[in-house]
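Trainee: There's a structure below that I have some questions on.
Numbering (full-length UniProt numbering), first residue to last: 1 to 111.
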């Protein structure tokens with residue numbers, strides 16, 4: 001909404017302050033005025049503090065498990081997509097294909 005409405009950085013900071021929980025307000029109060037008054041710096045600090053750190057694509061692939069609401073086929077497609085993003089060439093080599101299939105079987109839920 002802030003992008004569509006063309007909000008200024010000052011407006012973004014003001015809106016964020018009004019929407020913060022008390023814990024986040026306390027965290028913000030510990031920041032320097034230099035950070036508190038600059039949208040780019042404030043949003044960067046907020047992201048570092050409160051957003052989950054991204055895992056690498058290969059780590060995501062190697063730790064992937066079938067979700068409780070996911071069929072085996074849906075999990076297989078998701079695993080394939082993760083393999084491509086992690087640059088695992090499961091379609092090219094026998095060794096990578098075998099590892100990929102073993103990973104799929106190992107990480108299926110018991111049904």
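Think of the CB as a built atom: it goes at the ideal place given N, C-alpha and C, for glycine as much as any other residue. The structure displayed is predicted, hence computed values, not measured ones.
Please return the same chain residues whose Cβ sits closer than 6 Å to the Cβ of residue 90, not counting the five positions on each side in sequence.
Mentor: These residues qualify, in order along the chain: 83, 96, 97, 100.
Trainee: Smallest Cα separation from residue 106: which of 16, 88, 61, 85?
Mentor: 61
Trainee: With a threshold of 8 Å, are at least 3 pairs of Cβ atoms found where one atom belongs to the region 12-20 and the other to the region 33-42?
Mentor: yes
Trainee: If you reduce the DSSP assignment to three classes, tell me which class residue 44 lands in.
Mentor: helix
Trainee: Within 10 angstroms of its Cβ, does residue 66 collect 16 or more other Cβ (buried), or is it exposed?
Mentor: Counting the other Cβ atoms within 10 Å of the Cβ of residue 66 gives 16 or more, which makes it buried.
Trainee: What is the DSSP secondary structure of residue 110, counted as helix, strand or coil?
Mentor: Residue state, collapsed to three classes: coil.
Trainee: Taking Cβ to Cβ, would you say residue 17 is nearer than 9 Å to residue 28?
Mentor: In contact: residue 17 and residue 28 (Cβ atoms closer than 9 Å).
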